[in-house]
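Quick notes on the structure that follows.
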Amino acid sequence: MLQHSVQEAGKKTPIKHSTEHHSLEMNGSGRQLRGKPESEEYSRCLNRLRTHCESQLMRTYPAGMRIDSSNFNPLIFWSFGIQMVALNYQTEDSALHLNTAMFEQNACCGYVRKPRVMWDRSHMMYGRFNPWEKSFDGFHALNLSITVISGQYVCPATFNGSPMVELDVIGIPVDCNRYKTKIVQRNSLNPIWNEVFNFRVTFVDLAFIRFSVMDMGNNHLTAQRVIPLGKIKQGYRHVRLRNAQNQPLPLSTLFIHSVWEEEGLEVSDSSDPSASPTVGKDCVKTELGSLPVKRRMFFLVVHGVVPDEPNTILKITQESTTRDVIAQALSKTNNSDSVDDYVLIEEVQQGWEKKSSDRRVIRRFLDFNERPLEAQAQWQGEGKFILKKLADDPSTRAWITTIRGTINKSKVSFISLCTSQMHRA
Numbered sequence: 001m002l003q004h005s006v007q008e009a010g011k012k013t014p015i016k017h018s019t020e021h022h023s024l025e026m027n028g029s030g031r032q033l034r035g036k037p038e039s040e041e042y043s044r045c046l047n048r049l050r051t052h053c054e055s056q057l058m059r060t061y062p063a064g065m066r067i068d069s070s071n072f073n074p075l076i077f078w079s080f081g082i083q084m085v086a087l088n089y090q091t092e093d094s095a096l097h098l099n100t101a102m103f104e105q106n107a108c109c110g111y112v113r114k115p116r117v118m119w120d121r122s123h124m125m126y127g128r129f130n131p132w133e134k135s136f137d138g139f140h141a142l143n144l145s146i147t148v149i150s151g152q153y154v155c156p157a158t159f160n161g162s163p164m165v166e167l168d169v170i171g172i173p174v175d176c177n178r179y180k181t182k183i184v185q186r187n188s189l190n191p192i193w194n195e196v197f198n199f200r201v202t203f204v205d206l207a208f209i210r211f212s213v214m215d216m217g218n219n220h221l222t223a224q225r226v227i228p229l230g231k232i233k234q235g236y237r238h239v240r241l242r243n244a245q246n247q248p249l250p251l252s253t254l255f256i257h258s259v260w261e262e263e264g265l266e267v268s269d270s271s272d273p274s275a276s277p278t279v280g281k282d283c284v285k286t287e288l289g290s291l292p293v294k295r296r297m298f299f300l301v302v303h304g305v306v307p308d309e310p311n312t313i314l315k316i317t318q319e320s321t322t323r324d325v326i327a328q329a330l331s332k333t334n335n336s337d338s339v340d341d342y343v344l345i346e347e348v349q350q351g352w353e354k355k356s357s358d359r360r361v362i363r364r365f366l367d368f369n370e371r372p373l374e375a376q377a378q379w380q381g382e383g384k385f386i387l388k389k390l391a392d393d394p395s396t397r398a399w400i401t402t403i404r405g406t407i408n409k410s411k412v413s414f415i416s417l418c419t420s421q422m423h424r425a
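Following UniProt numbering, the numbering of the sequence shown begins with 1 at its first residue and continues without gaps.
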């Protein structure tokens with residue numbers, strides 16, 4: 001077990017990490033929470049930790065039992081909002097290289113802004129981001145394709161090395177991935193690989209890519225470079241390499257080609273109205289028929305989908321209708337009810353005044369063929385979508401009757417206004 005200490009308000013608070021269980025002590029009273037990272041209790045505890053770090057500084061440092069001066073992965077603590085991650089600077093390892101790459105983003109001034117999801121309350125994933133989760137609904141994932149074409153002087157000590165390149169994506173657990181190229185025998189002067197590697201990255205703000213050149217003749221690291229994934233530009237680039245001590249190598253480079261794009265949604269041209277979009281790659285149209293095409297993905301926040309959650313984030317496109325949204329919401333909860341048994345209600349507060357009491361609330365039902373994104377673009381104030389089942393209980397009937405009465409009253413007023421204007425003309 002590896003134990004990392006956290007200093008909070010003059011008190012040392014241990015955070016323990018292991019493959020079997022995790023322990024987090026949140027206060028000085030000795031209370032500890034144990035459980036797996038996917039447990040609800042563990043998630044609530046880590047949410048409190050991130051909330052605390054919004055206004056307080058916290059520091060982690062290697063435990064005194066690390067007599068070999070090794071380092072832990074600092075990204076684990078950055079992903080929970082902890083600001084100061086102390087490392088053993090006398091040990092030049094991958095963790096220290098990662099730390100250097102992190103602060104090179106801001107000209108090595110010592111400060112880097114946290115990801116927006118950790119401090120911006122308007123972000124739809126604020127307060128819900130858990131790095132240990134395996135899927136995220138509120139982030140635009142990137143599909144990254146990197147072609148390792150060739151290298152130049154990748155083994156500075158010899159021209160007869162047998163180099164191989166390792167590509168590691170370092171980030172939250174769902175983003176971590178590793179690929180290796182083939183081995184080029186006895187040519188480290190200008191080896192050619194020309195191999196393509198594809199990565200899917202969900203949380204780009206805390207994702208790094210590490211290029212490592214290994215001489216398989218002696219199994220030694222000869223060159224490396226860690227780069228923030230968000231700083232990689234598309235196209236053909238020479239990646240300037242560094243040695244194992246992270247010092248620049250004047251002649252050593254990797255020639256690569258990189259392409260990235262936002263993950264979209266496949267929307268079929270099928271006439272089935274209940275067909276919902278799915279996440280996927282580009283599709284093409286052939287002479288055999290019309291295949292699904294990819295559309296840009298948007299996020300829609302709907303309330304009332306899951307009883308225990310305040311809201312649910314759905315992935316939709318501009319063409320998605322109310323029927324599509326309700327079908328996707330039901331599939332989120334594995335609900336077998338019919339789409340026709342539910343309605344999507346739009347609730348908008350007119351105006352942008354700070355006092356909610358000064359704003360009039362307007363509610364209306366969205367037609368099944370209406371597009372929620374277009375309706376949302378017409379809002380003149382804060383609003384939300386609510387999923388409601390057409391139940392037979394008196395309270396639900398009364399609530400829906402009130403909304404319908406308001407809608408009918410608005411329609412009658414609009415018709416009367418049009419009629420009076422016609423008489424005047």
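Just so it is clear, CB atoms sit at the ideal spot from N, CA and C, and this is done for glycine as well. Please read all numbers here as calculations on a predicted model, not as lab measurements.
Can you have a look at residue i and say buried or exposed, based on whether 16 or more other CB atoms are within 10 angstroms of its CB?
i: F203; result: buried
i: L42; result: According to the sequence provided, residue 42 is Tyr. The question's Leu does not apply to it. By the neighbour-count rule (16 or more Cβ atoms within 10 Å), Y42 is buried.
i: T51; result: exposed
i: E263; result: buried
i: G161; result: buried
i: S188; result: buried
i: R116; result: exposed
i: S55; result: exposed
i: residue 479; result: What is shown of the chain runs 1 to 425, which leaves residue 479 out entirely.
i: G30; result: With a pLDDT of only 34 at G30, under 50, the local geometry of the prediction cannot be trusted, and no value is derived from it.
i: D215; result: buried
i: L314; result: buried
i: M58; result: buried
i: V361; result: exposed
i: M118; result: buried
Roughly how many angstroms lie between the CA atoms of residue i and residue j, to the nearest whole one?
i: A157; j: L251; result: 12 Å
i: G235; j: L167; result: 18 Å
i: L33; j: F103; result: Here the model assigns L33 a pLDDT of 44, short of 50, so the residue's position is not dependable and the matter cannot be decided.
i: V259; j: R200; result: 12 Å
i: I170; j: H303; result: 34 Å
i: Q76; j: R242; result: It is worth fixing the name first, because residue 76 is Ile in this sequence and not Gln. Taking the straight line from one Cα to the other gives about 24 Å.
i: N71; j: C155; result: 26 Å
i: N177; j: V339; result: 39 Å
i: V325; j: I316; result: 7 Å
i: E374; j: P307; result: 27 Å
i: N218; j: P163; result: 10 Å
i: Q378; j: T312; result: 21 Å
i: N334; j: Q328; result: 10 Å
i: S94; j: R225; result: 10 Å
i: S212; j: F136; result: 29 Å
i: F365; j: L49; result: 40 Å
i: N106; j: L390; result: 54 Å
i: I386; j: Q152; result: 59 Å
i: residue 426; j: S69; result: No answer is possible for residue 426: the residues shown for the chain start at 1 and end at 425.
i: V112; j: R363; result: 43 Å
i: Q247; j: R296; result: 42 Å
i: G138; j: W132; result: 15 Å
i: G64; j: V239; result: 37 Å
i: T91; j: I67; result: 12 Å
i: I227; j: Y89; result: 19 Å
Residues in its own chain within less than 8 Å of residue i by CB, not counting five upstream and five downstream?
i: D120; result: Y126
i: N99; result: P74, V85, L87
i: T147; result: N194, E195, V196, F197, I256, H257, S258
i: G383; result: E346, E347, V348, Q349, Q376
Measuring alpha carbon to alpha carbon, tell me which residue in the options is nearest residue i.
i: residue 446; options: C53, E92, P74; result: Because the chain in this structure spans residues 1 to 425, residue 446 falls outside the shown range and cannot be described.
i: D367; options: V343, V169, Q378; result: V343
i: F208; options: D215, N218, I172; result: I172
i: Q376; options: E346, V325, R360, F365; result: E346
i: Q245; options: R113, I313, L221; result: L221
i: Y229; options: Y153, R210, N218; result: Tyr is not the amino acid found at residue 229; the sequence shown has Leu there. With distances taken between Cα atoms, L229 lies closest to R210.
i: G381; options: N106, R364, V348, I362; result: V348
i: C45; options: A63, D68, V301, R128; result: R128
i: K388; options: V305, Q185, R295; result: V305
i: F159; options: Q185, Y179, K180; result: Q185
i: H123; options: Y111, Y89, F299, D215; result: F299
i: K332; options: R59, E309, R48; result: E309
i: R237; options: T253, G138, R295, E261; result: T253
i: D205; options: P62, K114, Y89, V239; result: K114
i: Q83; options: T91, I67, G110; result: G110
i: I149; options: T181, R371, K233; result: T181
i: Q318; options: Y89, P372, D341; result: P372
Going along the chain, which residues of its own chain have a beta-carbon closer than 6 Å to the beta-carbon of residue i, five neighbours each way excluded?
i: V174; result: K134, T202
i: D369; result: According to the sequence as given, residue 369 is Asn; it is not Asp. Correct list, in chain order: T321.
i: Y179; result: L167, F197
i: N130; result: S43
If I measure Cβ to Cβ from residue i and keep anything under 7 Å in the same chain, skipping five residues before and after, which residues do I get?
i: residue 471; result: This structure gives no information on residue 471, because the portion of the chain shown stretches from 1 to 425.
i: L249; result: P156, A223, L241, R242, N243
Inset, instruction - Determine contact between the region 184 to 197 and the region 135 to 143, defined as no fewer than three beta-carbon pairs at a distance below 8 Å. - result: no
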